[in-house]
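Trainee: According to my numbering, the residues represented by the sequence shown are 32 to 419, in order. Before I ask anything, here is the structure I am working with.
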Amino acid sequence: MNKRVVVLGAGYGGLVAALKLAKGTPAGSVDITLVNKYDYHQLVTQLYEPAAAAKRDTEVRIPLKKLLAGKPIRFVQDVVTKIDPKEKVVTLEGGELSYDYLVVALGSETEYFGIPGMKEYGMTLKSVDEARLIRTHIERCFAEYPLDPRPELLTFVVGGAGLTGIELVGEIADWLPRLCEESNIPREQVTLYNVEAMPSILPGFEPDLVAKAEEVLKAKGVIFKVGSPIVQVEPGAVHLKDGGVIQSRTIIWTGGVRGNQIVVDAGFETEPRGRAKVNEYLQAVGYDDVYMAGDCCFVLNEQGRPYPPTAQLAIQMGNSVAHNLAADLQGRPKTPFVPKILGTVASLGGRDAVGKVGNNYKASGRVAYFIKDLSQIRYLAKIGALMK
Ligand SMILES: Cc1cc2nc3c(=O)[nH]c(=O)nc-3n(C[C@H](O)[C@H](O)[C@H](O)COP(=O)(O)OP(=O)(O)OC[C@H]3O[C@@H](n4cnc5c(N)ncnc54)[C@H](O)[C@@H]3O)c2cc1C
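See the structure below:
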């Protein structure tokens, strides 16, 4: 009987792992099943664009039917509810799957840091559906305002100034003039805040790039509140640690990620933020038949700190997992995973961006935007999304 490989999650890590495994193993030698709750692959790194009406939802949602066409991969659209690594069984809402090898690539969940009201009243940006919710919510605030002119309807707060928060706030800032024009509302009546607990935006970016990003976003009207933790959220109000209160009907929380609870509940060894510990081959501690890829696990950098969770890392992990799993199946030696961080670019809205490529090259403006776009095109080509 063929070995059964079950891949959980068709995001960056899981999709790449499944596609590469299908390519790297002789036809008919392994049964690959890919499980995902949606029937599409989400371009999560671009979600800030549909959230701010800069792209249509269909541009960041690629049907898995298209990506898996002609590939020896069985797709199951279902929700994973439990993993039992001792029994080698995965429970789905609609049934069960047994496996010989498992790849867990279920991504991350939002970390609310226990801020009262944030989960209840904040919005998050982790899926195409959530991007649509943010977009329609903002449009609704603009639609309501002329009938009920309360300032909190036109006050928008993005919590968190990491990559996601900055990219989102930049894109919203670009959208506001169009919204104002359509609703016949003066731009001065709209306020857009970016609130960050840490002393600086874009942690991990070099100071000159941070300064550039701040300058560009301030010129677009973004008001930064850095070193200013949010301590509570109520309907219509965001409370800050310094006692300040922002009256707003909109708080979008991008301030933290943690591992996937299913991974924690399965009993895999995890760090306090719920990300699984893996060995050099990306196998879960104590389970040689379980590989992990992406945000649901972590690897350490040279300073002994976890690499930040990125699509770039998830894709590289997906590749490595496929390579090592094929090696297991074919009785070859495995290769340790060594991340190659090629740089990070943050979009600032429109065709503006800042970032670092390789170890030395810093870019801003259109050049940085072009680099980001190029890496996106390379990824789309890799997963076969550019084919008709
Ligand atoms: C707005 C935004 C911008 C970002 N920008 C960048 C960037 O510029 N560069 C960068 O490198 N990174 C960026 N990131 C981070 C990057 O998107 C993540 O690190 C990456 O998506 C992680 O890939 P993954 O495969 O681990 O998880 P995901 O891509 O989240 O995939 C997980 C998959 O699992 C599925 N799934 C989850 N739970 C279940 C379940 N219970 N049952 C079935 N299926 C399930 C999901 O539907 C999804 O398809 C950004 C993130 C956001 C939110």
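Even glycine gets a Cβ: it sits at the ideal position worked out from N, Cα and C. If you're wondering where the values come from, they're calculated on a predicted model, not measured in any experiment.
Does ligand 1 have even one heavy atom less than 7 Å from the beta-carbon of residue 27?
Mentor: Outside the modelled stretch of the chain, which goes from 32 to 419, sits residue 27, for which no answer is possible.
Trainee: Just list the beta strand (DSSP E) runs in the segment 250-328, keeping only unbroken ones of 3 residues or longer that don't cross its boundaries, in chain order.
Mentor: 253-256, 261-265, 268-271, 276-278, 281-284, 321-323
Trainee: Return yes when the C-beta of residue 195 is under 7 Å from any heavy atom of ligand 1, and no when it is not.
Mentor: Within the sequence shown, numbered from 1, the residue matching residue 195 stands at position 164. Yes, Cβ of residue 195 sits closer than 7 Å to a heavy atom of ligand 1.
Trainee: Here's a check: name, in chain order, each residue in its chain whose Cβ is nearer than 6 Å to the Cβ of residue 321, leaving out the five neighbours to either side.
Mentor: Start at 1 with the first residue of the sequence shown, and residue 321 comes out as number 290. Counting only Cβ-Cβ distances below 6 Å, and skipping sequence neighbours, we find 116, 133, 315.
Trainee: Does the distance from the CB of residue 261 to the CB of residue 226 come in under 8 Å?
Mentor: Here the question's residue 261 lines up with position 230 in the sequence shown. Here the question's residue 226 lines up with position 195 in the sequence shown. For residue 261 and residue 226, yes; Cβs fall inside 8 Å.
Trainee: Can you list, in chain order, the residues of its chain whose CB lies under 8 Å from that of residue 308, leaving out five sequence neighbours each side?
Mentor: Mapped onto the sequence shown, residue 308 falls at position 277. Excluding sequence neighbours, residue 308 sits near 299, 300, 301, 302, 315, 316, 328, 329.
Trainee: Straight-line CA distance for residue 66 to residue 104?
Mentor: Position 35 of the sequence shown, counted from the first residue, corresponds to residue 66. Position 73 of the sequence shown, counted from the first residue, corresponds to residue 104. If you take the alpha carbons of residue 66 and residue 104, they lie about 10 Å apart.
Trainee: For residue 125, which of helix, strand or coil comes out of DSSP?
Mentor: Here residue 125 refers to the residue found at position 94 of the sequence shown. Three-state DSSP puts residue 125 in coil, outside helix and strand.
Trainee: Closer than 8 Å by C-beta to residue 285: which residues in its own chain qualify, once you throw out the five before and the five after it? Chain order, please.
Mentor: As a first step, residue 285 must be located in the sequence shown, where it is residue number 254. Same-chain partners within the cutoff: 155, 156, 189, 190, 191, 193, 195, 196, 199.
Trainee: Between residue 184 and ligand 1, is the CB less than 7 Å from at least one heavy atom?
Mentor: Residue numbering aside, residue 184 sits at position 153 when the sequence shown is read from its first letter. No, the Cβ of residue 184 stays beyond 7 Å of every heavy atom of ligand 1.
Trainee: Excluding sequence positions up to five away, which residues of its chain have a Cβ less than 6 Å from the Cβ of residue 318?
Mentor: On the sequence shown, residue 318 is found 287 positions in, with the first residue counted as 1. 116, listed in sequence order.
Trainee: Can you tell me where the alpha helix (DSSP H) with residue 48 in it begins and where it stops?
Mentor: For the purposes of this step, residue 48 is identified with residue 17 of the sequence shown, where counting begins at 1. First-last of the alpha helix (DSSP H) with residue 48: 43-55.
Trainee: Return yes when the Cβ of residue 393 is within less than 8 Å of the Cβ of residue 246, no when it is not.
Mentor: Within the sequence shown, the letter at position 215 stands for residue 246. Within the sequence shown, the letter at position 362 stands for residue 393. No; because the gap between Cβ atoms is not below 8 Å, this pair is not in contact.
Trainee: When you compare each of 305, 333, 334, 335 to residue 325 by their alpha carbons, which one comes out closest?
Mentor: In the sequence shown, the residue the question calls residue 325 occupies position 294. Here the closest residue by C-alpha is 305.
Trainee: Taking the C-alpha atoms as reference points, what is the distance between residue 263 and residue 256?
Mentor: Residue 263 sits at position 232 when you count from the first residue of the sequence shown. Residue 256 sits at position 225 when you count from the first residue of the sequence shown. Each residue's CA atom was taken as its position, placing residue 263 and residue 256 some 15 Å apart.
Trainee: Leaving aside the five residues before and after residue 368 along the sequence, list all residues of the same chain whose C-beta is less than 7 Å from its C-beta, in chain order.
Mentor: Here residue 368 refers to the residue found at position 337 when the sequence shown is read from its first residue. The answer, listed in chain order, is 311, 312, 313, 330, 348, 351.
Trainee: What residue does the beta strand (DSSP E) around residue 398 start on, and which one ends it?
Mentor: As a first step, residue 398 is located in the sequence shown; it is residue number 367 there, counting from the start. Per DSSP, residue 398 belongs to no beta strand (DSSP E); it is in the alpha helix (DSSP H), 396-413.
Trainee: According to DSSP, is residue 374 part of a helix, a strand, or is it coil?
Mentor: As a working mapping, residue 374 is identified with position 343 in the sequence shown. Strand.
Trainee: When you measure from the CB of residue 73 to every non-hydrogen atom of ligand 1, does any distance come out below 7 Å?
Mentor: In the sequence shown, counting from the first residue as 1, residue 73 sits at position 42. Taking 7 Å as the cut-off, one finds at least one heavy atom of ligand 1 near enough to the beta carbon of residue 73.
Trainee: Which ranges would you report for the alpha helix (DSSP H) in the segment 170-246 if only whole runs of at least 4 residues count?
Mentor: 194-214
Trainee: Less than 8 Å separating the beta-carbons of residue 37 and residue 64?
Mentor: Here residue 37 refers to the residue found at position 6 when the sequence shown is read from its first residue. Here residue 64 refers to the residue found at position 33 when the sequence shown is read from its first residue. Cβ atoms of residue 37 and residue 64: closer than 8 Å.
Trainee: How big is the Cα-Cα spacing for residue 109 and residue 146?
Mentor: Against the sequence shown, residue 109 aligns to sequence position 78. Against the sequence shown, residue 146 aligns to sequence position 115. Their Cα atoms are separated by approximately 31 Å.
Trainee: Taking residue 111 as part of the alpha helix (DSSP H), name the residues at either end of that continuous run.
Mentor: As a first step, residue 111 must be located in the sequence shown, where it is residue number 80. Run containing residue 111: none in the alpha helix (DSSP H); it sits in the beta strand (DSSP E), 111-115.
Trainee: Tell me whether residue 156, by its Cβ, gets closer than 7 Å to a heavy atom of ligand 1.
Mentor: Numbered from its first residue, the sequence shown carries residue 156 at position 125. Between ligand 1 and the CB of residue 156, the shortest heavy atom gap is smaller than 7 Å.
Trainee: Taking the Cβ atom as the reference point for each residue, do residue 53 and residue 102 lie within a distance shorter than 8 Å?
Mentor: Here residue 53 refers to the residue found at position 22 of the sequence shown. Here residue 102 refers to the residue found at position 71 of the sequence shown. Contact: yes.
Trainee: Please determine whether the Cβ atom of residue 325 lies at a distance below 7 Å from any heavy atom of ligand 1.
Mentor: Walking along the sequence shown from the start, residue 325 turns up at place 294. Within the cutoff, so yes.
Trainee: CB residue 158 to CB residue 291, shorter than 8 Å?
Mentor: As a working mapping, residue 158 is identified with position 127 in the sequence shown. As a working mapping, residue 291 is identified with position 260 in the sequence shown. Taking 8 Å as the Cβ cut-off, residue 158 and residue 291 do not qualify as a contacting pair.
Trainee: Between which residues of its own chain and residue 112 is the CB-CB distance below 8 Å, once the five residues before and five after are set aside?
Mentor: Counting from one through the sequence shown, the residue named residue 112 turns up at place 81. If we look at residue 112 and ignore the five residues flanking it on each side, its Cβ neighbours are 122, 123, 124, 293.
Trainee: Would you mind stating whether residue 177 and residue 278 have Cβ atoms separated by less than 8 Å?
Mentor: Your numbering for residue 177 matches position 146 in the sequence shown. Your numbering for residue 278 matches position 247 in the sequence shown. No.
Trainee: Could you say which of 203, 33, 187 lies nearest to residue 78 if we only look at CA atoms?
Mentor: Here residue 78 refers to the residue found at position 47 when the sequence shown is read from its first residue. Minimum Cα distance to residue 78 is reached at 203.
Trainee: Relative to ligand 1, is the shortest distance from any of its heavy atoms to the C-beta of residue 43 smaller than 7 Å?
Mentor: By one-based count along the sequence shown, residue 43 stands at place 12. Checking every heavy atom of ligand 1 against the Cβ of residue 43, one is found closer than 7 Å.
Trainee: Could you check whether the segment 333-346 touches the segment 356-366, counting it as contact only if at least three pairs of C-beta atoms, one from each stretch, sit closer than 8 Å?
Mentor: Contact between the segment 333-346 and the segment 356-366 is not established, with fewer than three Cβ pairs separated by less than 8 Å.
Trainee: Specify the secondary structure class of residue 417 as computed by DSSP and reduced to three states.
Mentor: Position 386 of the sequence shown, counted from the start, is the residue given in the question as residue 417. If DSSP states are grouped into helix, strand and coil, residue 417 belongs with coil.
Trainee: Using a threshold of 8 Å, state whether the C-beta atoms of residue 405 and residue 201 are closer than that.
Mentor: Mapped onto the sequence shown, residue 405 falls at position 374. Mapped onto the sequence shown, residue 201 falls at position 170. No, they are not a contact pair.
Trainee: So, using beta-carbon positions, are residue 400 and residue 384 closer together than 8 Å?
Mentor: Here the question's residue 400 lines up with position 369 in the sequence shown. Here the question's residue 384 lines up with position 353 in the sequence shown. Yes, Cβ-Cβ distance for residue 400 and residue 384 is below 8 Å.
Trainee: Candidates 340, 34, 44: which alpha carbon is nearest residue 72's?
Mentor: Translated into the one-based positions of the sequence shown, residue 72 becomes position 41. Nearest C-alpha to residue 72: 44.
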